[in-house]
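Protein chains: 2
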Amino acid sequence: MSTPGYELPLRLLLGFRAIVDELHAELAAQGHPDLRPMHGFVFQAIGPDGTTAAELGRRLGVSKQAAGKTVEHLERLGYVTRVGDPADARRKVVRLTDRGLDALARSAQGFDRIRERWERTLGADRLAAVEEGLRTMTPDGHFPLDVPGWFANL
Amino acid sequence: MSTPGYELPLRLLLGFRAIVDELHAELAAQGHPDLRPMHGFVFQAIGPDGTTAAELGRRLGVSKQAAGKTVEHLERLGYVTRVGDPADARRKVVRLTDRGLDALARSAQGFDRIRERWERTLGADRLAAVEEGLRTMTPDGHFPLDVPGWFANL
DNA sequence: CTAGGATGGTCAACGAGGTTGTCCATATAG
DNA sequence: CTATATGGACAACCTCGTTGACCATCCTAG
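Protein chains in written order, with the working numbering: chain V, 6 to 159; chain L, 6 to 159.
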């Protein structure tokens with residue numbers, strides 16, 4: 006009786022979830038209790054130069070209205086601001102605030118800490134084997150940002 | 006420059022997504038277009054002998070009401086039936102129909118096929134290293150069904 | 001045998017977050 | 001200048017998970 010095929014995707018999901026849950030517990034303890042898993046993808050999609058709600062919706066794989074609601078929510082939480090574009094009166098550019106940048110930095114540090122914990126538990130070689138195997142089996146290059154839209158249909 | 010910590014969860018998610026998308030495409034082409042990715046895990050949780058909605062909720066980590074709604078939905082799609090338990094008039098046992106068993110069998114075969122493809126690409130030992138590492142780092146026992154809500158809400 | 005607690009199922013209200021449809025303001029191409 | 005495309009906002013609706021409440025049924029301790 007070999008390993009059943011369903012175990013692999015299940016473990017992948019559980020691993021992702023375990024890391025994300027741990028990260029958000031850290032973030033909550035560091036002054037970001039309202040951040041949710043999808044917000045990291047939203048911050049990445051906004052990018053350093055900011056973007057519009059419509060463009061954000063395209064990047065995230067959701068409608069512009071849904072993106073607009075998310076932006077409004079993050080604005081209430083103080084993570085983003087919307088400023089009018091002098092070059093185009095229709096556009097309202099969404100930008101990360103200092104608080105948003107702080108959350109982004111803490112997320113990066115948190116992911117590094119969690120990886121170090123995996124490394125201590127598994128050992129450097131076994132963790133490297135996992136990462137190397139996943140690197141081989143998953144597409145390289147740009148990480149897709151349409152995760153929120155994809156997750157909704159799960 | 007060592008591996009950034011954010012790569013691991015991203016690769017885990019990408020791997021999960023790749024497998025699930027591939028299986029979903031197969032199932033849709035085999036007469037199960039309404040089956041959504043997480044339903045396979047629900048079928049696994051129901052098991053060959055059937056269960057109650059309350060027990061299903063416990064196994065999936067959601068409320069009994071949510072499990073009941075999922076059962077109702079799967080019942081409309083023809084994948085499960087609910088039959089009264091003669092030994093306990095409170096219980097309504099959820100069982101897989103022939104269609105449900107067919108979907109379960111095709112899912113299992115699909116997952117196995119995809120795992121074999123990973124094994125051919127990575128080699129048996131490297132795939133085993135990935136699975137073993139994930140097995141070490143992820144908790145046993147729960148097939149989380151609340152994934153969409155988890156991703157958006159917490 | 002009965003009283004009290006635990007368990008299973010269902011109904012109702014709510015919230016988060018997504019969707020489509022519509023409308024208006026503004027840009028831009030022909 | 002006009003026609004089309006785009007960005008933003010509003011409204012109605014859907015899906016799905018949650019909690020709270022309620023009732024029927026089982027089980028166990030007196």
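For every residue, glycine included, the Cβ atom is placed at its ideal position computed from N, Cα and C. Please read all numbers here as calculations on a predicted model, not as lab measurements.
So that I know if they touch, is there some Cβ in chain V lying closer than 9 Å to that of L:V25?
By this cut-off, L:V25 is an interface position.
Name the DSSP beta bridge partners of L:T56, please?
In DSSP, L:T56 forms a bridge with L:V99.
Please work out which residues of its chain come closer than 6 Å, Cβ to Cβ, to V:R87, disregarding the five sequence neighbours upstream and downstream, and give them in chain order.
Shown here for V:R87: same chain residues with a beta carbon closer than 6 Å to its own, the five before and five after excluded, namely K97 and V99 in chain order.
Give the range of the alpha helix (DSSP H) segment to which L:T75 is assigned.
K69 to R81
Can you look up V:G20 in the DSSP assignment and give me helix, strand or coil?
helix
Let me check one thing: in DSSP terms, what residues is V:T86 bridge-paired to?
V:R100
If contact is defined by three or more beta carbon pairs under 8 Å, each pair taking one atom from either stretch, is the stretch 66-75 of chain V in contact with the stretch 124-142 of chain V?
no
Residues sharing a beta bridge with L:D130, DSSP:
According to DSSP, L:D130 bridges with nothing at all.
Quick check on L:S68 - is its C-beta less than 9 Å from some C-beta in chain V?
no
Looking only at DSSP bridge pairs, what is L:D93 linked to?
L:D90
Drop a sphere of 10 angstroms on the beta-carbon of V:R3, count the other beta-carbons inside from all chains shown, and report buried for 16 or more, exposed for fewer.
Lying before the first or after the last residue shown, residue 3 of chain V is absent from chain V, which here runs from 6 to 159.
Is there a C-beta anywhere in chain L that falls below 9 Å from the one on V:V152?
yes
Could you have a look at V:H44 and say whether DSSP puts it in helix, strand or coil?
helix
Is the stretch 118-133 of chain L in contact with the stretch 38-54 of chain L, if contact means three or more CB pairs nearer than 8 Å?
no
Have a look at V:F116 and V:T102 and give me their C-alpha separation to the nearest angstrom.
Taking the straight line joining both Cα atoms gives about 21 Å.
Counting contacts by CB-CB distance shorter than 9 Å, is V:L82 in contact with chain L?
Judged by the 9 Å Cβ criterion, V:L82 is not in contact with chain L.
I'd like to know if L:V163 contacts chain V, where contact means its C-beta is closer than 9 Å to some C-beta of that chain.
With chain L represented from 6 up to 159, any question about residue 163 of chain L goes unanswered, as that position is not in the structure.
Measure the C-alpha to C-alpha separation of V:G128 and L:S7 and round it to an integer number of angstroms.
15 Å
Cutoff 6 Å; reference V:G55; Cβ partners in own chain excluding five residues on either side:
So the qualifying residues of the chain are V98, V99 and R100.
Answer with buried or exposed for V:G105, where buried requires no fewer than 16 other C-beta atoms within 10 angstroms of its C-beta.
Here V:G105 is buried. Its C-beta has 16 or more other C-beta atoms within 10 Å.
Taking DSSP as the reference, what is the three-state secondary structure of L:T141?
Helix at L:T141.
How about L:R111 and L:L32: do their beta carbons lie closer than 9 Å?
L:R111 is a Cβ neighbour of L:L32, given a cutoff of 9 Å.
On the three-state DSSP scale, how would you describe L:H29?
In the three-state reduction of the DSSP assignment, L:H29 falls in the helix class.
My understanding is that L:L40 touches L:A108, with C-beta atoms under 8 Å, so please give their C-beta distance in whole angstroms.
The beta carbons of L:L40 and L:A108 sit about 6 Å from each other, so the pair counts as a contact at 8 Å.
Cutting at 7 Å between CB atoms, please list the residues of its own chain near V:L19, excluding the five before and the five after it.
none
Is DSSP giving V:L150 helix, strand or coil here?
coil
is_contact[L:L28, chain V] using C-beta, thresh 9 Å:
yes
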